[in-house]
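Enquirer: So for the sequence shown, this note's numbering puts the first residue at 3; every next one is plus one.
Backbone N, C-alpha and C fix where the C-beta goes; we use that ideal spot for every residue, glycine too.
The structure is given below, and queries will be raised subsequently.
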Amino acid sequence: MLIRKKTVMYLTLLILISCPSAYGQTWKVLLIQGFDHPWCDDVFNMMKAAGADLNMEVRRASSKRYKSKALEIARRAVAGPDKVDGILFTPFKHIGLDVIRIAESAQVPIILIDSGVHKDKSEETGNPGE
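This is how it looks when you write it as structure tokens:
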């Protein structure tokens, strides 16, 4: 499946719109990926290019399929002086809702890409588009 730059730009724009206080400054956005793969490289490179067009610094971190590492990356991303302004996350191993909670508790906008929250958790989060 190919992701077009236009689609990535829309995702990035959604993060920008979700926090109006960020207008006029460079936004720090972190893409948290569950594994390393050429497809992940393509997604990151497109997001980085789209982010540059929108005055955003897009960085990424890979948890290498470790749930605990992904949660730690998310916790560090939303705390301290280098706190990010937004998170893009590719959920894996049913931890999407946990990362959403981490981001929400720090009032950091988050968008899940490539996958949704596990269907067992959809009662709590709603279905896509709700």
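Given I115, which residues of its chain have a CB within under 6 Å of its CB, disregarding the five upstream and five downstream residues?
Expert: As a working mapping, residue 115 is identified with position 113 in the sequence shown. Excluding positions up to five away in sequence, the list reads L90, T92.
Enquirer: Cα separation between V103 and H39?
Expert: Looking up residue 103 in the sequence shown gives position 101. Looking up residue 39 in the sequence shown gives position 37. Reading off the sequence shown, one finds Arg at residue 103, where the question assumed Val. Each residue's alpha carbon lies about 26 Å from the other.
Enquirer: Can you tell which of Q109, V101, R61, E74 has its C-alpha closest to the C-alpha of D43?
Expert: Numbered from 1 along the sequence shown, position 41 holds the residue referred to as residue 43. Of the residues Q109, V101, R61, E74, the one whose Cα lies closest to the Cα of D43 is R61.
Enquirer: Measure from the alpha carbon of L99 to the alpha carbon of each residue in F37, L73, A54, K30, then state which is nearest.
Expert: Position 97 of the sequence shown, counted from the first residue, corresponds to residue 99. Looking at the Cα atoms, L73 is the closest of the given residues.
Enquirer: Mark P83 as exposed unless 16 or more other C-beta atoms lie within 10 angstroms of its C-beta, in which case mark it buried.
Expert: Within the sequence shown, the letter at position 81 stands for residue 83. Burial call: exposed.
Enquirer: Please specify which runs of the beta strand (DSSP E), each continuous and at least 3 residues long, are wholly inside the segment 89 to 118, giving them in chain order.
Expert: 112 to 114
Enquirer: Measure from the alpha carbon of Y68 to the alpha carbon of each residue in N47, K95, V80, L56, then state which is nearest.
Expert: The residue you call residue 68 lines up with position 66 of the sequence shown. Out of N47, K95, V80, L56, K95 has the C-alpha closest to the C-alpha of Y68.
Enquirer: Check A52 in the structure and name its three-state DSSP category.
Expert: Position 50 of the sequence shown holds residue 52. Looking at A52 - three-state DSSP - the assignment turns out to be helix.
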